[in-house]
Amino acid sequence: MTHRAQAVLASADIIACEDTRVTGKLLAHFDIAAPAVAYHDHNEQKILPQLLDRLEQGETVALVSDAGTPLISDPGYRLVKEARDKGHFVSSIPGASAVLAALASAGLPTDRFMFAGFLPNKTVARQKTLSDLAAIKATLVFYESPKRLKDSLKDILEVLGDREAAICRELTKLFEEIRRGSLSELAAHYAAAGAPRGEVVIVIGPPAETEVRADQLDEALTKALAVLSLKEAVASVTYTTGLKRKQVYARALELSGKK
1 MTHRAQAVLA SADIIACEDT RVTGKLLAHF DIAAPAVAYH DHNEQKILPQ
51 LLDRLEQGET VALVSDAGTP LISDPGYRLV KEARDKGHFV SSIPGASAVL
101 AALASAGLPT DRFMFAGFLP NKTVARQKTL SDLAAIKATL VFYESPKRLK
151 DSLKDILEVL GDREAAICRE LTKLFEEIRR GSLSELAAHY AAAGAPRGEV
201 VIVIGPPAET EVRADQLDEA LTKALAVLSL KEAVASVTYT TGLKRKQVYA
251 RALELSGKK
């Protein structure tokens, strides 16, 4: 933990955290006496107004997560949004993030990436989410639980094709492991080995130019044309798919009935 993070916690009037028992150990280790209050999805409606009231009174509220960074698949979005909406100063103290740690270690393109949080639990919803992301010309990053990894890899391989990928687990911990290979290799490994231990980050390389299928282009254009002008839809789909603008424009004209 950085000296700046320690100083911020020590100067806070109250610390909002996911689990006071977990954060309590951290505070005790650094001899920080600030009181902690549990703040998570299940008690947000009750605790959020209390935290905002304390900000209105001029107090300093710190927000921490059990692991990683607040708001990144962790609680805190509504608190930060409403605090900013009310004119309060909000500052982020950079720290551990599994997304960035995985990207930095996976050996896959990092110039452009998309973090999509946790994949849905159910197969149909998971495949729908993956289908929506299939044409994006960027490295994809997901969080996943160990018990769902095998099924998720099967769906990812089926929907996205056999891309290069990495499975990263226990990041920054004693038993950190990063397994790199094609999706077919990784799916076969975890189908045989079973669920690993520890939370998992899945990093998937971007599609090759030829991986954007005609039906995916049509789906992306149809969605874009429903809410955007033809020019805006073409620009949006060209950006997300990486296809030539001329190709996207020609197909957009056909779908919109203007050709």
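Following this note's numbering, the numbering of the sequence shown begins with 1 at its first residue and continues without gaps. Cβ coordinates follow ideal geometry from the N, Cα and C atoms, glycine included.
Of the residues 202, 162 and 248, the one placed nearest residue 218, counting alpha carbons only: 248
Cα-Cα separation, residue 194 to residue 158: 19 angstroms
With C-beta atoms as the reference, is residue 164 less than 7 angstroms away from residue 152? no
Measure the alpha-carbon distance for residue 105 versus residue 178 and round it to whole angstroms. 8 angstroms
Answer with buried or exposed for residue 7, where buried requires no fewer than 16 other C-beta atoms within 10 angstroms of its C-beta. exposed
Could you have a look at residue 143 and say whether DSSP puts it in helix, strand or coil? strand
Ignore the nearest five residues each way along the sequence and tell me which others in residue 4's own chain have a CB closer than 7 angstroms to its CB. 93
Rounding to the nearest angstrom, what Cα-Cα distance links residue 221 and residue 231 in this structure? 11 angstroms
Between the C-alpha atoms of residue 95 and residue 20, what's the straight-line distance to the nearest angstrom? 19 angstroms
Within 10 Å of its beta-carbon, does residue 18 have 16 or more other beta-carbons around it, so buried, or fewer, so exposed? buried
Just checking my contact of residue 200 with residue 169 at CB under 8 angstroms: how many whole Å lie between their CB atoms? 5 angstroms
For residue 181 and residue 147, I'd like the C-alpha separation in whole angstroms. 20 angstroms
Relative to the C-alpha of residue 253, which residue among 136, 234, 155 and 97 is closest? 234
Using the rule of at least 16 other Cβ atoms within 10 Å of the residue's Cβ for burial, across every protein chain shown, is residue 245 buried or exposed? exposed
For residue 191, tell me which candidate among 149, 202 and 228 has the shortest Cα-Cα distance. 149
Any chance the stretch 106 to 118 sits against the stretch 78 to 86, with 3 or more Cβ pairs inside 8 angstroms? no
First and last residue of the uninterrupted beta strand (DSSP E) at residue 174: First-last for residue 174: undefined, no H or E at that position.
Decide if residue 65 is buried, meaning its Cβ has at least 16 other Cβ atoms within 10 Å, or exposed. buried
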